[in-house]
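Below is one structure, written out as C-alpha cells; the observations come after it.
Residue numbers (the numbering used here), protein chains in the order written: chain A, 2 to 116; chain B, 253 to 364.
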C-alpha cells in the first residue's frame, strides 16, 4: 500500500539546538499532518498543511515549531530551539483529500530525544 | 471538545479466544470513527472505519459497530491470532475539523 517515509528514525540532540524532521508523503497526496506522541501517552495533533499553508494547529504547536514543504520535496517539521519537553515520537501523515472520512497514511515515526 | 476513551491499556489473551477492545467517544457532532493498528516498529495503518449508512465495517476478521446511542465503536474479532498482537488506536474525525483525535491506545498481546 501507499507508504510515508520518515527520516531519521531516531534523533538525539542537546537542548537549545535546532532539529528538522523529514517526511516523504505518499506521492499524490495533498494534505500533510504532524502528530506528537510522548512515551506512554496518546498521539496528539500538532498541525496540518495544504498548498504551502498551515490549515490548523494545536496549542502544542509552539512558536518554536515550523513546517514547510519546499517545491514538493520533504514535508518538514523544524523545532528551533528545542526543549526537554519536545522529547517524543513524531508521526507524519498524509491524505489525498480534506474530508472527515478520509484515511490518513502514517510514517513509522521519528523518535526525538532532547538531552 | 472531542475525545476518545480506550479504557484498557493492555489486553492479554490466548490464541483462539474472542477479542473485544473498547472505544467510546464524545463529540458534539456526528463523527467518523476509525481503528488503526500499529505493529512493532511499523507505522500505524487503518484497520477499519465507520460508514454513514450503518453498515458494519470488517477487515482481516475484525469488525466494529458504531452505536451512536452509547457513543461506542468497540473492535471485535471472533478468534485471536498470534499475529494480531499489536497496538490498536481508536480515533475520530468530524466535518469542519479535519484532525483526528486519538485514544490512548490498547496493546493486544496474544499468547499461544
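Heads up, the beta-carbon is just placed ideally off N, CA and C, and yes, glycines get one too.
Between the C-alpha atoms of residue 345 of chain B and residue 84 of chain A, what's the straight-line distance to the nearest angstrom?
In the second chain, residue 345 of chain B corresponds to position 93, counting from 1. In the first chain, residue 84 of chain A corresponds to position 83, counting from 1. Approximately 30 angstroms between the Cα atoms of the pair.
Residue 288 of chain B versus residue 340 of chain B - alpha carbon distance
Mapped onto the second chain, residue 288 of chain B falls at position 36. Mapped onto the second chain, residue 340 of chain B falls at position 88. Cα-Cα distance, rounded: 6 angstroms.
Given 8 angstroms, three or more beta-carbon pairs between the segment 327-337 of chain B and the segment 258-274 of chain B
Yes, the segment 327-337 of chain B is in contact with the segment 258-274 of chain B.
Residue 71 of chain A classed as buried or exposed, judged by whether at least 16 other C-beta atoms fall within 10 angstroms
Counting from 1 along the first chain, the entry for residue 71 of chain A is found at position 70. Burial call: exposed.
Output the distance between the C-alpha atoms of residue 77 of chain A and residue 318 of chain B, rounded to the nearest integer angstrom.
The count along the first chain starts at 1 and reaches residue 77 of chain A at position 76. The count along the second chain starts at 1 and reaches residue 318 of chain B at position 66. When only Cα atoms are considered, residue 77 of chain A and residue 318 of chain B end up about 36 angstroms apart.
Which bits of chain B does residue 42 of chain A rub up against, with CB to CB less than 8 angstroms?
Counted from its first residue, the first chain places residue 42 of chain A at position 41. Neighbours of residue 42 of chain A across chain B, judged by C-beta separation under 8 angstroms: 356.
Okay, do the segment 349-361 of chain B and the segment 29-49 of chain A touch, 3+ Cβ pairs below 8 angstroms being the bar?
A contact exists between the segment 349-361 of chain B and the segment 29-49 of chain A.
Residue 335 of chain B - DSSP class collapsed to helix/strand/coil:
On the second chain, position 83 is the one that residue 335 of chain B refers to. Residue 335 of chain B: helix per DSSP, three-state reduction.
With a floor of 3 residues, list each beta strand (DSSP E) that falls wholly inside the segment 267-329 of chain B, ordered by position along the chain.
You should have 271-273, 276-278, 284-290, 297-301, 314-316, 327-329.
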